[in-house]
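Engineer: Quick one: structure below, then a few questions.
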Amino acid sequence: MIEIRDERILSHSPSDVWNALIAFEHYGRWNPQIHSLKGRGAVHETLQATVVAPFFKSLTFSFRPTITVWESEQALAWTGGVKGVLFGRHYWKLKPYKNGTKLVHGEQFTGCLSYCIPSSLQVKMQQAYEQASVSLEQYLNGTS
Numbered sequence: 051m052i053e054i055r056d057e058r059i060l061s062h063s064p065s066d067v068w069n070a071l072i073a074f075e076h077y078g079r080w081n082p083q084i085h086s087l088k089g090r091g092a093v094h095e096t097l098q099a100t101v102v103a104p105f106f107k108s109l110t111f112s113f114r115p116t117i118t119v120w121e122s123e124q125a126l127a128w129t130g131g132v133k134g135v136l137f138g139r140h141y142w143k144l145k146p147y148k149n150g151t152k153l154v155h156g157e158q159f160t161g162c163l164s165y166c167i168p169s170s171l172q173v174k175m176q177q178a179y180e181q182a183s184v185s186l187e188q189y190l191n192g193t194s
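Position 52 of the sequence shown, counted from 1, bears residue number 102 in this note's numbering, the numbering being contiguous throughout.
Right under this line is the structure:
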């Protein structure tokens, strides 16, 4: 398994962060990787996502992840791909922290092709996830 993970403190309440994360129609306003996210927010619901590859900015692709975790103001996760080949679990975890929120944002990749992801690409993916977390904070601040 390969995991990309970013952890940081946001200066907004878990409620505010959660509301931004579940406003799928606004992802294109703040998330530099997920240009479009459509669907109904509930466990087992299938979303329609359009993303830009962190390694090649002009490459976009669409896929249909399934929501696997929906815990209000605590956690959101979805999965997609082909089990055993390349399968991803994208997650957001929120915990109250002082006057804000501890945000853990990442993705776990499994399957035989996950071991073929070069370290240079993993570095770019790490940077992309960090940027998404920073962009979420900027969006919540009204500066994105």
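Beta carbons: idealized from backbone N, C-alpha and C, even for Gly.
Which first and last residues belong to the alpha helix (DSSP H) in which Ile72 is found?
Structural biologist: Its alpha helix (DSSP H) spans residues Pro64 to Ile72.
Engineer: Determine, using beta-carbon pairs with one atom in the stretch 128-141 and one in the stretch 112-119, whether at least three such pairs fall under 8 angstroms.
Structural biologist: With a cut-off of 8 angstroms, the stretch 112-119 and the stretch 128-141 count as touching, because enough Cβ pairs lie within range.
Engineer: To which residues of the same chain is Ser86 closer than 6 angstroms at the C-beta, ignoring the five residues directly before and after it?
Structural biologist: Result list for Ser86: Gly78 and Thr100, in chain order.
Engineer: Straight-line CA distance for His94 to Arg114?
Structural biologist: C-alpha separation (whole angstroms): 12 angstroms.
Engineer: Please go through the same chain and pick out, in chain order, the residues whose beta-carbon is closer than 7 angstroms to the beta-carbon of Asp66, but skip the five residues on each side of it.
Structural biologist: So the qualifying residues of the chain are Leu190.
Engineer: Please go through the stretch 68-132 and give each complete alpha helix (DSSP H) segment of 4 or more residues, from N-terminal end onward.
Structural biologist: The qualifying runs are 77-80.
Engineer: I'd like to check one pair, Phe105 with Met175: are the Cβ atoms closer than 9 angstroms?
Structural biologist: In this structure, Phe105 lies closer than 9 angstroms to Met175 by Cβ.
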